[in-house]
Structures are given as structure tokens and as C-alpha cells.
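For the sequence shown, this note's numbering gives the first residue as 60, with consecutive numbering after it. Glycine included, every Cβ here is placed at the ideal spot set by N, Cα and C. The structure appears right after this line, and notes come after that.
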Amino acid sequence: MTTQNSNNHTATFTRRGIVIASLLAMPFLNGDETVELDPFIVGATRTERAADTLGVSADSLVGSEIEKRMYRDLRHALFNVSGVYAPSDEALASTSEIMIRGNSGSRVLSIVDGAKTNSSIFSAGRFMAGASGFNLDSVEVIRGAQSTLYGSSAIGGVILLETRRGSGAPSYAVTMEAGSFNSYLAALQGQGESGDLDFSFHLAGQESDNERLDNEGKMKSYSFRFDYDVSENTTVGIVSRGEFSDYSNPSGDLTPPPSARIQSDAAVMSAYVETVKNEWTQKLSLSLLDEYYRQTGSLYIGDASNVSLDWQNVIDVSESMRLVAGSTWEAQEGNDNSFPESEGENWALFAQAEVAASESVNFVVGARYDDYEYVGSKSTLRANGSWMLPSKTKLRAAVGSAFRSPNFFRLFSTSLFALGNPSLKPEESESWEIGFDQYFSDGNEQFGLTYFCNDIENLVTWIPTTGWDGTYVNRDVAENYGVEAYADFQLTNIWSASVAYTWTESESTNLEFGSTTRQPGVPRHQISLVNDLWIDEKWSTGVGINYILGRESFGSTGIDDYVLVRLYGRYRMSDSLSLTGRLENALDEDYTFIYSSFSGRVPARGLAAFGGLEWRF
């Protein structure tokens with residue numbers, strides 16, 4: 060996975076130190092072949108922009124590199140992006156969330172091929188928790204307030220997945236893999252073009268007993284994309300992705316058997332028409348989301364869907380100014396055990412100006428107005444800029460506002476334990492960041508640093524009413540601040556490396572009692588290292604290291620720090636056939652994924668080894 064960064068006990072301890080020292084003595088391994096930087100980032104402005112002109116902190120993970128590094132679960136790839144924490148117990152089909160800058164998954168927006176996967180009930184994590192790495196063009200991570208571009212939930216940032224658009228002669232690939240815990244994977248992919256029609260697709264299935272008792276997991280995924288050039292100036296297309304999981308969850312060590320069974324299905328589909336007339340580009344998109352979640356034991360069933368229309372206009376006013384404007388309409392439906400089927404609509408207008416004041420100075424300003432059926436209207440603003448110095452040092456700064464509309468559960472739940480409150484208002488956020496990126500003339504090396512701050516008001520909080528019963532109110536405030544740093548190097552023509560570091564302080568304050576606590580589960584420090592080495596035309600190998608420190612559970616109980624090491628390699632037997640191997644949690648680290656005083660400790664999966672083959676034809 061190429062990252063394009065515009066910012067971007069005694070015996071055990073001894074063993075860990077020796078292994079890590081040995082790994083660091085290897086060439087700092089990053090990529091499976093030459094590093095190929097994606098030249099544009101789209102999500103930061105809703106238009107194609109070169110990374111070195113952006114005033115915000117953003118990363119683009121290239122889909123081909125995700126596959127070459129054998130990330131079967133997209134969370135593992137996101138783990139290496141500064142500012143992002145994607146925790147997992149490593150068990151196949153387990154659920155989790157994706158955090159950005161200390162913000163939980165409900166304050167992070169996920170967009171898959173133009174369709175929002177944050178629904179009226181579920182956060183982005185429901186789709187992203189097990190998202191497949193197959194048939195992806197790119198995964199973009201835009202940090203900071205992005206509601207001016209995308210609306211609700213974009214407080215911590217936005218993650219955008221784009222399915223690969225086919226090109227060239229048709230080609231196909233089969234991936235087979237088997238390994239620890241009676242695990243196996245099978246996937247078929249295809250892509251290409253035929254006349255004016257481009258196509259791509261994938262089908263994949265995985266199963267594993269996982270490590271714990273009664274802990275089986277199954278995952279299936281698909282994607283397809285068709286783009287057709289109707290004329291020189293008009294293109295139409297349709298794209299869809301789906302993720303389906305079935306998981307036996309033993310929960311914490313205080314939870315008696317049997318395991319709860321979790322079934323989670325999520326699928327998106329988008330259709331679009333895009334026209335280009337001189338300097339004016341229009342795109343009209345229809346997007347659908349359907350989600351279903353069922354958990355036995357607690358007997359929870361949730362069902363949600365979104366339908367949205369998005370009309371975007373891009374006008375190149377001059378060589379130095381581009382305008383982006385449009386409107387969005389969305390209808391949401393949802394229900395679970397605690398409330399009946401509910402529906403709500405919202406619409407929005409947005410506008411943005413991109414200005415190149417000179418060859419080295421760029422500005423972006425934007426505004427948006429959202430109107431929600433149940434919680435009223437919200438206006439958001441954003442501004443950012445960058446200045447490229449002669450030394451190839453880019454200085455940048457950004458400021459913006461964002462919000463999160465309360466979901467249907469918190470509005471309409473009839474459960475006495477968590478009674479809904481129809482009077483809830485959106486959470487409001489203001490954020491800013493400053494930073495720099497240092498580029499080099501060869502284009503293969505860069506490093507950068509960002510300081511960020513994010514304040515949230517009207518935080519939706521559960522409060523007790525009688526006994527164990529309670530409801531939701533807008534009461535508390537939260538603050539997230541910290542530093543993100545990264546460095547990408549091509550050390551030799553066969554050896555490259557990426558390093559990322561994040562320091563995050565994430566606190567919430569109870570305004571009733573005046574007490575301040577750290578947000579549970581958010582690590583204070585994250586360090587990631589990814590290296591790749593191309594030994595010769597046949598052999599390539601790599602290593603990834605993630606070091607997580609300073610987590611706390613509810614009640615400010617410390618959770619153990621941990622180091623995850625993964626090794627992967629590929630031997631090319633011919634142009635069409637390769638053998639693959641990977642080790643996950645190579646040090647067999649025993650660490651706690653999450654801890655709760657009710658359910659106890661949830662341990663993560665230990666050492667796992669996998670081997671397989673890839674056949675391309």
C-alpha cells in the first residue's frame with residue numbers, strides 16, 4: 060500500500076527486543092514493487108487536487124499496494140495512517156470501529172463510491188469494520204472537520220473508498236489462502252475495458268475458527284463497477300460493494316457461554332451520469348445503502364437504509380479559480396428492537412472556491428447549509444491554505460466547523476434503559492490544524508508534521524433517571540488535540556520505508572459535575588513502521604510494526620500497551636503464478652483488545668500464519 064501523505068514481561072521483553080532490533084536492522088521495508096504515488100486526492104475538495112497543493116491533512120492508500128501487502132482486512136492498512144486508530148482483536152469477522160484524531164466511529168464519516176455508510180442507526184464502523192481490500196482503486200483519509208463538503212458525522216474526518224475502474228485488456232486473478240485456526244480464503248477478481256465500456260469486479264469468501272472457543276467467523280464480499288462513455292463528453296456508470304459477516308462472539312472472559320452470534324450485512328450501490336461542457340463539469344449521483352445487524356444473546360436486531368441524490372457542479376472560472384457547488388437530498392429509514400420503523404429526510408446546499416493566488420500559494424473556502432427533518436438546520440464553514448516555499452517546504456493551515464446529527468436510536472428509542480429524546484440537537488465541532496510537508500526533488504521522499512485541535516459542544520450523553528434506566532441529553536463537551544508526523548523514504552532502488560507517529564489527547568468533560576476523563580480506548584501514542592524489500596525479480600518481502608501505548612477503559616482503568624508485528628512475502632514462480640505467505644502478530648503478543656468491568660477482558664488473537672497462491676490470467 061503506497062501512502063501519499065500531504066501532511067501522512069522479562070523473557071517476553073527480551074524476545075520482543077531481539078526480534079524488533081533484527082527487523083529494524085533489515086532495510087526499512089514500504090511497497091511490493093516501486094512506490095507509485097497516486098497523483099491526485101479527490102476527497103479533500105471533491106475535485107482532483109495534487110497532494111502538494113492541499114491545505115488539509117490527507118492520505119491516499121493505493122489499492123494495488125493494499126493487495127500486494129496482503130491486507131485482507133482494510134483496518135490493518137488504515138492502522139499505518141497517522142491520526143487513525145483502527146483497533147481489532149484480529150479475529151475474522153469481529154466488529155470494531157475506526158477512530159480519527161480521538162473521535163469515535165460515530166464522528167467519522169465513511170463514503171463508499173459516493174454512498175455514505177453512516178446510517179440512521181449505525182456508524183461508519185459497521186461497514187468499514189470488515190471491509191475487503193480487493194478491487195479497490197484508492198482509500199482516502201481526510202482528517203479534520205469536513206462537514207462543509209459532506210454533512211453530518213464528519214467531525215474527526217472522512218474515509219472514502221473507491222472501487223477500481225477497469226482499463227486495458229481484460230485480466231483476471233484468483234487468490235487462494237489457508238492457515239492457522241482452520242482458516243481459508245478464496246477470491247476472484249477481474250477488470251478491463253471493451254470498447255467504451257470499462258468493468259471491474261471481485262468475489263471473495265473467508266472462514267476461520269479463530270483462536271478462542273466458540274469463536275468462528277465467516278465473511279463474504281463482492282464488488283462490481285461498470286463505466287460507459289456515451290460520448291466524448293458524457294459518461295454513465297454503476298458501482299456496488301457489499302460486506303457480509305457471521306461471527307460467534309465469546310466477548311470478555313467474565314461472559315458465560317455460549318457465544319453471542321453476530322450477523323452483519325451491508326451493501327451500497329451508486330449510479331451516476333457525468334457531463335463535461337467546456338469548463339463546466341456536472342455529476343448527478345443516486346446512492347443506496349442497506350444495512351442489517353442481528354445479535355443473539357442480547358436479541359438485538361437493527362435494520363437501516365439510506366437513499367440519496369447528489370448534484371455537483373465544477374466550474375473552472377479561470378486558470379487560477381475553480382468553483383464547486385451543488386445540492387444533496389437524503390432519505391433515511393431505520394428501526395431496531397426499541398423503536399418502530401422511522402423515516403427522516405434532509406437536504407443540503409454547498410459551495411466552495413479553490414483559488415491559486417500564485418504558483419506556490421493556494422486557498423480553499425467553503426460553506427454548507429444542512430436541514431434535517433427532526434433536528435433542524437446547521438451551517439458549516441471551512442477555510443484552508445498552503446504555501447510552497449522554494450525549499451520545497453509546504454506550509455499549511457486549516458480551520459472548519461462540523462456537526463453530528465443524533466441517530467434514530469437516541470431520538471426514538473423506547474427502551475427504559477436508554478430512552479430516546481426527540482429534543483436532541485446536533486453535536487457541534489470547531490477544529491483547526493497547522494503543519495508542514497517537506498518534499499524532495501526526486502519525488503520519492505517526504506516527511507511532515509501536523510498539530511491539530513478539535514472542540515465539541517452539545518455532546519450527546521446518557522444520563523441516569525431511575526435505577527438502571529436513563530435517557531440522552533446534550534450536556535457535555537469534548538476536546539481532542541495532538542500531533543501527527545510521518546516520513547516516507549525510498550532508501551535504495553529495492554528498499555523503501557514509511558513511518559508514522561500520532562500523539563492524541565482526547566478528553567470529555569461532564570458539565571454537571573465538572574469532571575474530565577480521557578475518552579476510553581483512545582491510545583495516547585501510536586507508532587507504525589512499514590518496510591518493503593524487493594530482493595530480485597522473483598522475491599519480495601516486507602514487515603509492518605504497530606506500537607500502541609496509553610489506552611484506558613471506562614473508569615480510567617489502564618489497558619496494556621502492545622506491539623503488533625506482521626511479516627509478508629511473495630515468490631513469483633512465473634508472470635502469472637506467485638506463492639504468498641504472511642505472519643500476523645508475529646511475536647505472539649498477548650494483549651487486551653478491550654476491557655469492561657461487566658464482561659471482562661477481551662483478548663486479541665495470537666500468532667497466525669497463512670500461505671497461498673495468486674494466479675493471474
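query: Contiguous beta strand (DSSP E) assignments of at least 3 residues, all confined to the stretch 198–273; result: 216–222, 230–238, 242–253 and 256–267
query: Neighbourhood of Gly403 by C-beta distance below 6 Å, restricted to the same chain and skipping five residues each side; result: Gln391, Glu432 and Tyr433
query: Alpha-carbon spacing of Asn372 relative to Asp172, whole angstroms; result: 18 Å
query: Supposed contact pair Phe240 and Gln248 - C-beta distance, whole angstroms, cut 8 Å; result: In fact, because the Cβ distance is near 25 Å, the residues do not count as touching under 8 Å.
query: Three-state secondary structure assigned by DSSP to Leu133; result: helix
query: Inter-residue CB distance, Ser567 and Thr561 (contact presumed, cutoff 8 Å); result: That belief does not hold up - the Cβ atoms of Ser567 and Thr561 are roughly 19 Å apart, past 8 Å.
query: Buried versus exposed call for Val602 [16 or more other C-beta atoms within 10 Å across all chains shown]; result: buried
query: Residue nearest to Ser490 in terms of C-alpha spacing, selected from Asp148, Val295, Phe657 and Val458; result: Val458
query: Closest residue to Asp288 among Ala319, Tyr306, Ser318 and Leu256 (Cα-Cα distance); result: Leu256
query: Stretch-stretch touch, CB-based, cutoff 8 Å, three pairs: the stretch 542–550 with the stretch 138–150; result: yes
query: Cβ shell of Leu112 (< 7 Å), same chain only, five flanking positions each side left out; result: Contrary to the premise, residue 112 reads as Thr rather than Leu in this sequence. Taken in chain order, the residues that qualify are Asn421 and Ser445.
query: Alpha carbon of Ser163 to alpha carbon of Phe181, nearest angstrom; result: 12 Å
query: Where the alpha helix (DSSP H) containing Ile125 begins and where it ends; result: Gly122 to Lys127
query: Leu220 vs Leu195 beta-carbon contact at 8 Å; result: yes
query: Residues near Val376 by beta carbon distance below 8 Å, same chain, minus five either side; result: Glu338 and Leu382
query: Tyr231, buried or exposed, once every other Cβ within 10 Å from all chains shown has been counted against 16; result: exposed
query: Residue from Ile586, Thr600 and Gln585 with nearest C-alpha to Leu592; result: Thr600
query: Three-state secondary structure assigned by DSSP to Thr525; result: coil
query: Whether Arg185 touches Tyr331 by CB criterion (8 Å); result: no
query: Cβ shell of Val519 (< 7 Å), same chain only, five flanking positions each side left out; result: Pro465, Arg469, Leu483, Glu486, Tyr531 and Asn533
query: Contacting residues, own chain, Cβ-Cβ under 6 Å from Asp634 (five flanking each side not counted); result: none
query: Alpha helix (DSSP H) runs contained entirely in the stretch 285–343, provided each spans 4 or more residues; result: none
query: First and last residue of the uninterrupted beta strand (DSSP E) at Leu483; result: Taken as a continuous stretch (DSSP letters only), Leu483 belongs to no beta strand (DSSP E), as it is neither H nor E.
query: DSSP beta-bridge partners of Phe511; result: Glu492 and Gly541
query: As assigned by DSSP and simplified to three states, the class of Met187; result: helix
query: Cβ shell of Ile553 (< 8 Å), same chain only, five flanking positions each side left out; result: Pro86, Leu592, Trp593 and Ile594
query: Limits of the unbroken alpha helix (DSSP H) element including Phe467; result: Phe467 to Phe471
query: Residues that Val170 bridges to, as DSSP identifies them; result: What sits at residue 170 in the sequence shown is Ile, not Val. In the DSSP output, where bridge partners are listed per residue, Ile170 has Lys175 and Leu219.
query: Endpoints, beta strand (DSSP E) assigned at Ala145; result: Taken as a continuous stretch (DSSP letters only), Ala145 belongs to no beta strand (DSSP E), as it is neither H nor E.
query: Residues of its chain near Val94, where Cβ-Cβ distance is below 7 Å and the 5 sequence neighbours each way are ignored; result: Residue confidence is low: Val94 scores 37 on pLDDT, short of 50, so the model does not pin down where it sits. No coordinate-derived value is stated.
query: Three-state secondary structure assigned by DSSP to Ser377; result: strand
query: C-beta neighbour in chain D for Ala204, strict 8 Å; result: The structure shown contains no chain D; it holds only a single protein chain.
query: Distance CB(Gly580)-CB(Pro316) smaller than 8 Å; result: no
query: Closest Cα partner of Met235 within the set Ser637, Phe652 and Ala667; result: Ser637
query: Cβ separation of Asn274 and Pro309, assumed to be a contact under 8 Å, to the nearest whole Å; result: 6 Å
query: Local Cβ density within 10 Å of Ile449, reported as buried at 16 or more and exposed below that; result: For clarity, residue 449 is Pro in the given sequence; the question names Ile instead. Pro449 should be labelled exposed.
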